[in-house]
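Residue numbers (our numbering), protein chains in the order written: chain A, 203 to 452; chain B, 169 to 486; chain C, 306 to 593.
For each residue, glycine too, the CB sits at the ideal point set by N, CA and C.
No experiment lies behind these values; they were computed from the predicted model shown.
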């Protein structure tokens, strides 16, 4: 069964059609890349899946259940976590504190005014695990706002992961990064995908990253689906080359 | 407990030592105990506001309404229902909290200046109720004909009406409990979600925190303690009038929090101390103290936006 | 009875026109600069008191023209010296600053003109009732409605057709783009502030003619303006106008049936609007 099934999703902003009748079907364990030129509607598409925007029409089915009208926080509880194109973290808190919040939410403590010593220890250990996994352990008590862009992005991804999601949505995880940082983040995503068998959908501009990571690729252009296929198929697709790769090469 | 942990306790120890000894040193600096009580009571109100303002990042400009409801709650309970200070305080606090709970769903979807505008406007509803409902509230003249009642502990009765020092320690005890609860909440997982919302609402929402719900709860907690402060304020004066609910009072609370430092737990108390002492001094010196208070607002915004503790902290950090 | 209702509806419309005039100024400033100008009521009072001082020299008509302009100049100055420093900072600070200004202005007017209510002379022929049957329809009330209508029309024409107006509207939607396009945002905000304060000053002169003058006139009118903005819809000037008129009429009608709730009714309306349509009657989605 597919994990995420999006049917005929459409979003209008006034007279502008940002996303037009887009469908997607993501299998459990898949790593799907969504690519397309600027303004193709990729982020709008993501925003509807995560509940940041409400669709004009269409349906979003996650794990067999229609979540089209479910509030964002509740989509998170069902297992969809996301990152943003412009990194969204808690800048004036430490890495440890940043990660502690989602770990506690995932463990069901969000409304709790109290926590047992044992639970506190478990949460702390899980935070340390997450930091170790991403190489942030050495910066545990630094304020996130003071870290490099790459480390902030890694923190954001680990915050999403701390929610124990079943579907991870990454919006341009390597945007604005240097080669080394891009490499590190790519390795991190790859590791999460392989080790945890996590289902991931990512928007990405860097084709090296896309072809390195993705099982399948969806190409959007002007709000509509242009092509869907394996990296090889996409690379060979003439319409894609004309609309996107050609332009990028030129 | 290591060195840094110990260092963190120093401000707490200093604050409590000062507060516990206040009736003994206040006369030495030409103060009087009532002034100390005002500081503690308004400090509690400002700290309660700061629970929302500084720790949840939500700008309320309407807290006077709940402060005033707490004040009328205690006054009317003692005047019309039971002559008991304790029950009066409880009733006042509950009334204010319920009002806040009802207003909550109407405002929690709003943010920033709009939240401020709507909270201040709703505050006026309660102002007009106390102002207009003459027969019960005394209208513009205020609610008179009642006074704080002796505390009855069963084994002993304490006269807090004539013994100002006893009343001070009673107020301080209530303050201590309220402040302890707030501190404890802020260090809990729930408190961390509030700070998360302050830091980055979008991120918080997409970490599975239903932001509106959490703001609503934070709003109620904040208003609960501000009502408690209002109840104590009415007891201090043995009187309450609609001005306790007027929107300018809300502004006073906000300036106290900002002046002391919104990002620090004790900041609003320090802000309240400065504000109360200054107002006391100005109103004894000049007819135009309102201009000076206004000027004070302007100067704080222009020159001390981080507040006293914000500046101290900056100086201390390398 | 029907005459009583008519009287109060008409009265409500006048009051509402007032609220609208004041709220439009607030709204202009709020939309472009994100500042809630608590001192708006203070500027209103300044307008009224300036007119009072000017009337012996230049007469009512002169004062009606000059006083709002002078008020606007004071507004421009205040924006330049104080408010400007706070753009882009937490809205908390502009709120507190204008709050303090409101105190200073109220106390300042009391200092200069005294705490007593001052009589405000309007031309005699304006005050007399137009008909004996509809005694409440004095010339002044009608005149006020006309002035407000003309001013609001003028405001919308300015916003719709002049370069300044178009820039203000564009800046309200997307200040960054407007700035990139080469518009001097500092000047734009300054002029926009002045325009808003002009409306406050005008409302002040008109209010003085109807209510007389006292230092607290401003602070008693500012809350209804907030409500007008919220009811009408955040970010929408036509909404603000509508909101002002609606709450005015609602207050007027409540005076007939349940006088002690006259002030409270607008807040009930606000609650109802927020419950059903949080963005306000004509508010755009996602503006708050």
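Residue i versus the options, residue with shortest Cα-Cα distance
i, options, result
"residue 513 of chain C", "C:379, C:360, C:482", "C:360"
"residue 395 of chain C", "B:456, B:426, B:442, B:401", "B:426"
"residue 469 of chain B", "B:304, B:482, B:269, B:428", "B:428"
"residue 212 of chain A", "A:424, A:327, A:340, A:342", "A:424"
"residue 131 of chain B", "B:311, B:303, B:338", "There is no way to answer for residue 131 of chain B, as the model of chain B reaches only from 169 to 486."
"residue 395 of chain B", "B:361, B:232, B:227, B:253", "B:232"
"residue 427 of chain C", "C:453, C:357, C:487, C:418", "C:357"
"residue 420 of chain C", "C:445, C:521, C:584, C:473", "C:521"
"residue 290 of chain A", "A:276, A:362, A:344", "A:362"
"residue 463 of chain B", "C:387, C:515, C:349", "C:387"
"residue 411 of chain A", "A:420, A:314, A:435, A:375", "A:375"
"residue 336 of chain B", "B:200, B:175, B:176", "B:200"
"residue 391 of chain B", "B:351, B:315, B:214", "B:214"
"residue 228 of chain B", "B:272, B:204, B:304, B:352", "B:272"
"residue 388 of chain A", "A:262, A:419, A:302, A:356", "A:356"
"residue 320 of chain B", "B:283, B:253, B:260, B:279", "B:253"
Run of the alpha helix (DSSP H) containing residue i, from where it starts to where it stops
i, result
"residue 386 of chain A", "381-398"
"residue 384 of chain C", "345-386"
"residue 406 of chain C", "396-418"
"residue 369 of chain B", "369-373"
"residue 291 of chain A", "First-last for residue 291 of chain A: undefined, no H or E at that position."
"residue 301 of chain A", "297-308"
"residue 466 of chain C", "444-466"
"residue 341 of chain C", "Here residue 341 of chain C belongs to no alpha helix (DSSP H), and DSSP marks it neither H nor E."
"residue 447 of chain B", "435-453"
"residue 243 of chain B", "231-244"
"residue 411 of chain A", "409-415"
"residue 194 of chain B", "It is not in any alpha helix (DSSP H) - residue 194 of chain B carries neither H nor E in the DSSP assignment."
Start-to-end residues for the beta strand (DSSP E) that takes in residue i
i, result
"residue 275 of chain B", "Unbroken run through residue 275 of chain B is the alpha helix (DSSP H), 253-275; no beta strand (DSSP E)."
"residue 235 of chain A", "233-237"
"residue 420 of chain A", "418-423"
"residue 428 of chain A", "426-431"
"residue 403 of chain A", "401-405"
DSSP state of residue i mapped onto helix, strand, coil
i, result
"residue 341 of chain A", "helix"
"residue 317 of chain A", "coil"
"residue 366 of chain A", "coil"
"residue 321 of chain C", "helix"
"residue 559 of chain C", "helix"
"residue 423 of chain B", "helix"
"residue 452 of chain A", "Here residue 452 of chain A scores only 42 on pLDDT, less than 50, and its place in the model is too uncertain to base an answer on."
"residue 326 of chain B", "strand"
"residue 302 of chain B", "helix"
"residue 353 of chain A", "helix"
"residue 542 of chain C", "helix"
"residue 479 of chain C", "coil"
"residue 373 of chain A", "strand"
"residue 476 of chain B", "helix"
"residue 408 of chain B", "strand"
"residue 316 of chain C", "helix"
"residue 423 of chain C", "strand"
"residue 331 of chain B", "coil"
"residue 336 of chain C", "helix"
"residue 456 of chain B", "coil"
Next item on the list: Report yes or no: do three or more beta-carbon pairs, one from the region 325-332 of chain C and one from the region 502-511 of chain C, lie closer than 8 Å?
Entry: yes
Check: Can you find at least 3 beta carbon pairs, one from the region 249-268 of chain A and one from the region 358-371 of chain A, that sit closer than 8 Å?
Finding: yes
Next item on the list: Kindly confirm or deny that the region 236-251 of chain B and the region 291-309 of chain B touch, where touching means at least three C-beta pairs closer than 8 Å.
Entry: yes
Margin query: Between the region 315-326 of chain C and the region 545-556 of chain C, can you find at least three pairs of beta-carbon atoms closer than 8 Å?
Written below: yes
Note to self: Extract the residue ranges of the beta strand (DSSP E) inside the region 205-288 of chain A, only unbroken runs of 3 or more that lie entirely within it.
What the structure shows: 218-229, 233-237, 259-264, 282-284
Note to self: Closer than 8 Å is the cut-off here; do at least three beta carbon pairs connect the region 407-418 of chain B with the region 332-341 of chain A?
What the structure shows: no
Next item on the list: Give a yes or no on contact between the region 235-244 of chain A and the region 257-267 of chain A, applying the rule of three or more CB pairs nearer than 8 Å.
Entry: no
Notebook entry, point to check: Any contact of the region 390-408 of chain A with the region 429-445 of chain A, i.e. 3+ C-beta pairs under 8 Å?
Noted result: no
Next item on the list: Evaluate contact between the region 338-346 of chain C and the region 492-507 of chain C, counting only Cβ atoms and requiring at least three cross-stretch pairs below 8 Å.
Entry: yes
Note to self: Quick test of the definition: if touching needs 3 or more C-beta pairs under 8 Å, does the region 373-381 of chain B touch the region 275-285 of chain A?
What the structure shows: yes
Item checked: Sufficient close CB pairs (3 or more, under 8 Å) joining the region 383-391 of chain B to the region 242-259 of chain B -> no
Next item on the list: Let me know the alpha helix (DSSP H) ranges lying completely inside the region 491-547 of chain C, each 4 residues or longer, listed in chain order.
Entry: 522-537
Margin query: Under 8 Å: do the region 354-368 of chain B and the region 308-322 of chain A share three or more Cβ pairs, one atom per stretch?
Written below: yes
Notebook entry, point to check: Are there three or more Cβ pairs, one per stretch, closer than 8 Å when the region 254-262 of chain B is compared with the region 364-378 of chain C?
Noted result: no
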